[in-house]
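*Asks:* In terms of full-length UniProt numbering, the numbers along the sequence shown are unbroken and rise by one, the last being 352.
Can you read through this structure? Questions will come right after.
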Amino acid sequence: MSLSTVYTRCQPPVCRRPRHTAAEPIRPDLDWTQITNSTFAAAVATFLSQIPSAPLDLASKLVQSQVRGAPKSLPSALVQLSRHHKFADFARLVAMGCVKRVPTKALTVAFFEIGTQILSNRTTNHEISSLQHLQIATFSGALAVAATFPLHSLYYASRKGVSSAHILRAFARSRNVMFSGAVPALASTASAVFVDYSIYKRLRTRIDQGFGLGLPSPVSIVAAATAANLVGGVFAEPFKAVSRRVAVESVKTVSCGSVAATTREMLQNGVGEFWRGYQQRVVRYAVSAVVSKTTVRQIRRLEDAKPPVLDRSKMVVAEKWGSQTPIYPVLACSYLTHQPVRWNKHRLSVIA
């Protein structure tokens with residue numbers, strides 16, 4: 001045997017990337033089914049929350065107005081609206097709110113799901129800390145607002161009485177008008193998501209532990225959602241006020257408004273100008289959050305529910321009569337509503 005052969009055989013093995021074995025499964029890619037389901041759940045929860053919050057929003061605007069004969073309290077404003085407004089007016093308000101909030105919330109949850117899965121796939125135990133969850137939630141909310149802020153400008157301008165034709169002309173003349181006021185909106189969303197994510201889950205857990213309940217109770221959901229929105233609104237409302245005024249002025253004048261100039265103008269009227277009307281709007285914020293989080297809780301219950309055992313004899317009768325009997329629709333709806341849903345419980349906490 002030659003020396004070269006001995007030298008070659010004595011060489012250390014070349015470092016190669018270890019292959020995955022049965023004990024080490026390959027880390028999965030993004031679960032797009034999970035992302036789609038969570039995004040759809042967020043859109044449905046946001047839509048349902050707009051139904052009771054739209055009349056409250058209009059009532060709060062009526063209380064804030066300085067018109068002679070305007071109601072002084074929110075209940076009296078709701079009574080006046082029920083007498084003088086039709087169902088079509090409330091439907092239009094719900095549609096306007098959905099145009100602004102549904103895409104934003106859906107994108108927030110989608111970005112949160114993607115970021116959470118990417119970060120968890122990079123860890124060894126596929127788990128991330130609460131601080132990382134908080135950072136992803138804050139960044140996802142800000143990114144979603146940046147992507148959908150033209151819809152926010154459209155909503156603010158239309159609520160101030162600006163015609164749709166004027167808004168479209170302003171957007172066509174200057175594209176920067178669509179994103180005027182986006183910086184304070186990003187700060188508002190980031191602070192609101194940060195406070196809500198920090199307070200809601202902890203407060204809900206403490207209330208459930210105090211009552212001795214293992215699952216989130218309706219009392220804990222209502223109390224925690226109300227408290228989180230009260231605290232978060234105090235920090236986010238000044239940024240919202242500046243963002244609303246800059247967006248409306250930019251659309252009216254077809255020029256990009258200055259955040260610094262608007263802030264100085266509001267400071268001339270006092271610091272309370274940043275929280276003007278917050279007492280009336282906080283009721284809408286709380287109701288919207290409670291409805292949204294309750295919807296998420298119902299989705300979680302659907303996940304744990306088992307499909308019922310159907311009576312085959314009734315199914316035969318229903319199939320025989322078809323649409324002429326209510327047995328088949330009732331059984332079909334009962335079966336579909338009890339199907340297990342593959343939504344992640346922990347990640348659904350950011351939907352509301």
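Using N, Cα and C, we set each Cβ at its ideal position, and we do this for glycine too.
Quick one: complete alpha helix (DSSP H) runs, 4+ long, within the UniProt repeat "Solcar" (33-118)?
*Replies:* Here the runs fully enclosed are 74-84.
*Asks:* Buried or exposed for F239, please, with buried defined as at least 16 other CB atoms from any protein chain shown within 10 angstroms of its CB.
*Replies:* With 16 or more other Cβ atoms within 10 Å, it is buried.
*Asks:* Tell me which residue opens and which closes the alpha helix (DSSP H) that H126 is part of.
*Replies:* Neither: H126 is in no alpha helix (DSSP H) and is coded neither H nor E.
*Asks:* Confirm, please, whether the CB-CB distance from A192 to V109 is below 8 Å.
*Replies:* Taking 8 Å as the Cβ cut-off, V109 and A192 do not qualify as a contacting pair.
*Asks:* Check P218 in the structure and name its three-state DSSP category.
*Replies:* In this structure, P218 counts as helix in the three-state DSSP scheme.
*Asks:* Which value, in whole angstroms, describes the spacing of the CA atoms of F274 and K105?
*Replies:* F274 and K105: Cα-Cα distance of roughly 24 Å.
*Asks:* Within 10 Å of its beta-carbon, does T253 have 16 or more other beta-carbons around it, so buried, or fewer, so exposed?
*Replies:* Under this definition T253 is an exposed residue.
*Asks:* With distance defined between alpha-carbon atoms, name the residue in V291, I136, P52 nearest to P218.
*Replies:* Comparing Cα positions, the closest option is V291.
*Asks:* How would you label V271, buried or exposed, when you count the other beta carbons within 10 angstroms and need 16 or more for buried?
*Replies:* When all chains shown are included, V271 counts as exposed.
*Asks:* Helix or strand or just coil, what does DSSP make of R202?
*Replies:* DSSP places R202 in helix when its eight states are reduced to three.
*Asks:* Taking one C-beta from the region 275-286 and one from the region 52-63 each time, how about it: are there three or more such pairs within less than 8 Å?
*Replies:* Yes: the two stretches touch, three or more of their Cβ pairs being nearer than 8 Å.
*Asks:* Give the DSSP-derived three-state secondary structure of D196 in the structure shown.
*Replies:* Here D196 sits in helix by DSSP.
*Asks:* Starting from M178, trace the alpha helix (DSSP H) both ways and give me its first and last residue.
*Replies:* That residue, M178, is in no alpha helix (DSSP H); it is neither H nor E in DSSP.
*Asks:* Answer yes if the region 76-96 comes into contact with the region 118-137, meaning at least three C-beta pairs across the two stretches below 8 Å, and no otherwise.
*Replies:* They do not touch, by the three-pair rule.
*Asks:* Does the Cβ of T123 have 16 or more other Cβ atoms within 10 Å, making it buried, or fewer, making it exposed?
*Replies:* Answer is exposed; the Cβ neighbour count stays below 16.
*Asks:* Which same chain residues, not among the five before or five after L48, have their C-beta less than 8 Å away from its C-beta?
*Replies:* Excluding residues within five positions, the ones whose Cβ falls inside 8 Å are V291, S292, T295.
*Asks:* Could you spell out the range, first to last residue, of the alpha helix (DSSP H) harbouring E265?
*Replies:* From DSSP, the alpha helix (DSSP H) with E265 extends over 259-268.
*Asks:* Which residues in the same chain as V259 place their Cβ atom closer than 8 Å to its Cβ, once the five residues preceding and following it in sequence are excluded?
*Replies:* G181, V183, P184, V242, V246.
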